[in-house]
Amino acid sequence: MSTPEPPEHENTGSSRRRFLLGGALAGTAGAAALGLGGALTASAEGTRGTPTGHGGHSSAHGGGVTGPTFRTGSTVDHTTNGFHPTDVLRDFDYGRTSRMADGRTLREWDIYASDEDIEIAPGVTFPAWTFDSRIPGPTLRCTEGDRLRVRFHNGSAHPHTMHFHGIHPAEMDGIPGAGDGVIEPGGSTVYEFDAEPFGLHLYHCHVGPLAEHIARGMYGTFIVDPKQGRPDADELVMVMHGYNTTFDGEGNQLYAVNGVPFHYMHEPVRVRRGELVRVYLVNALEYDPINSFHLHGNFFDYYPTGTRLEPSEFTDTIVQAQGQRGICEMRFKYPGQFMFHAHKTEFAELGWMGMFEVVE
Ligand SMILES: [Cu+2]
0 MSTPEPPEHE
10 NTGSSRRRFL
20 LGGALAGTAG
30 AAALGLGGAL
40 TASAEGTRGT
50 PTGHGGHSSA
60 HGGGVTGPTF
70 RTGSTVDHTT
80 NGFHPTDVLR
90 DFDYGRTSRM
100 ADGRTLREWD
110 IYASDEDIEI
120 APGVTFPAWT
130 FDSRIPGPTL
140 RCTEGDRLRV
150 RFHNGSAHPH
160 TMHFHGIHPA
170 EMDGIPGAGD
180 GVIEPGGSTV
190 YEFDAEPFGL
200 HLYHCHVGPL
210 AEHIARGMYG
220 TFIVDPKQGR
230 PDADELVMVM
240 HGYNTTFDGE
250 GNQLYAVNGV
260 PFHYMHEPVR
270 VRRGELVRVY
280 LVNALEYDPI
290 NSFHLHGNFF
300 DYYPTGTRLE
310 PSEFTDTIVQ
320 AQGQRGICEM
330 RFKYPGQFMF
340 HAHKTEFAEL
350 GWMGMFEVVE
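Here the sequence shown stands for residues 0 to 359, where the numbers follow numbering that gives the first Met the number 0.
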């Protein structure tokens, strides 16, 4: 069976505070956006000549065989950001639970949209629009057949919604013109529906211009566990995405998993040799048609969308278009460090790479 459910999750005060502050912060977002291209350049200049640790040729632009200079070495300020990508990996939000008259489980969440300046590379802040002040938004988790009630509060200066993938009534679809439609700044609504089908899904804002609302950071993982559970495993969430720091809608300048480019190069994902590792892999990347996941030194079972209990493939590389997702299950035979990255090498070199550290 799946890992036992932890005690009831409590929404932190910080989400609420940020909700209240959202309107006040919004005024600075535009100015930050305008300065971002310069900031990225300034960051590269600032690290010119910094040793990169591999002893290879390092060009003036921090490239060469070592890639960007922030791939190794300096990191972002996670405390100021208010979330940490290592914690995001295993942070499952089961909501507040109660029993309904018919015996089913009711799960309730309060989710807050807010505008946040997030440091995505050393010295580079991105004016993000977020769910619960983080990128990606919280991983909402339930069991098939549960009743779900999501109260959405818009503390951002922009209109937003929450659109869930899954099977639900039209008025709960979280798009303009359906149910409460677009939720204006300061407004709120309730999305309520049953959890189906079991599998790995996602949610995201569905307000136009849709590409920008998603690219700004408004997406998260939505896991519906099968009633019978899945075998015990060390479970990890990885949301693939990008940052279009120039806001031109032409591709992305940085790529990441769980909010910060290169993060798992600085802090490898620690797993145990021989233990089943289950990665819930979601592609939320905007502006590029496909993304991919490649694992070194190992193969994995792949369950597309997680809606079947039998894998479709045993492989070391999969591709996902935007909105596609799937479960990767692996066991590491050998200890040591093993890379994982987009096999679109351009994305890897711009941040979408990391390491597993396999320990005994
Ligand atoms: Cu939005």
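Don't be surprised by glycine CBs; every beta carbon is placed ideally from N, CA and C.
When you compare the CB positions of R269 and V358, do they come within less than 8 Å of one another, or not? yes
Using the three-state DSSP reduction, which class does D86 fall into: helix, strand or coil? helix
Are the CB atoms of V238 and N257 within a distance shorter than 8 Å? yes
For the segment 288-324, which segments carrying the beta strand (DSSP E) assignment without a break, of at least 3 residues, lie completely within its bounds, in sequence order? 289-294, 299-303, 312-314, 316-320
State the start and end residues of the unbroken beta strand (DSSP E) segment that holds T188. 187-193
When the Cα atoms are used, what is the spatial distance from V223 to L147? 11 Å
Ligand 1 heavy atom lying under 7 Å from the CB of V206: yes
Does DSSP classify L235 as helix, strand or coil? strand
Would I182 and F221 qualify as a contact pair, given that the criterion is a beta-carbon distance under 8 Å? no
Looking only at DSSP bridge pairs, what is D116 linked to? P126
L253 bridges to which residues according to DSSP? Y242
Which whole-angstrom value describes the C-beta separation of G353 and Y286, a residue pair presumed to lie in contact below a C-beta threshold of 8 Å? So it is not a contact: roughly 21 Å between Cβ atoms.
Please tell me whether, using a cut-off of 7 Å, the distance from the CB of H162 to the nearest non-hydrogen atom of ligand 1 is below it. no
Please identify the residue among D300, R271, F261, H159 whose C-alpha is closest to the C-alpha of K332. R271
Buried/exposed call for P137, threshold 16 Cβ in 10 Å: buried
For Q336, is the classification buried or exposed, using 16 other Cβ atoms within 10 angstroms of its Cβ as the cut-off for buried? exposed
Can you tell me whether L209 is helix, strand or coil according to DSSP? helix
How far does the beta strand (DSSP E) with F197 in it extend, from its first residue to its last? Per DSSP, F197 belongs to no beta strand (DSSP E) and is neither H nor E.
Go ahead and label S97 buried or exposed: buried means 16 or more other beta carbons lie within 10 angstroms of its beta carbon, across all protein chains shown. exposed
Put L33 into one of helix, strand or coil per three-state DSSP. Bear in mind that the predicted position of L33 carries a pLDDT of just 31, short of 50, making it too unreliable to give a figure here.
Residues of its chain near H342, where Cβ-Cβ distance is below 6 Å and the 5 sequence neighbours each way are ignored: S291, H293, T316
How many Å lie between L209 and H162 at the Cα? 11 Å
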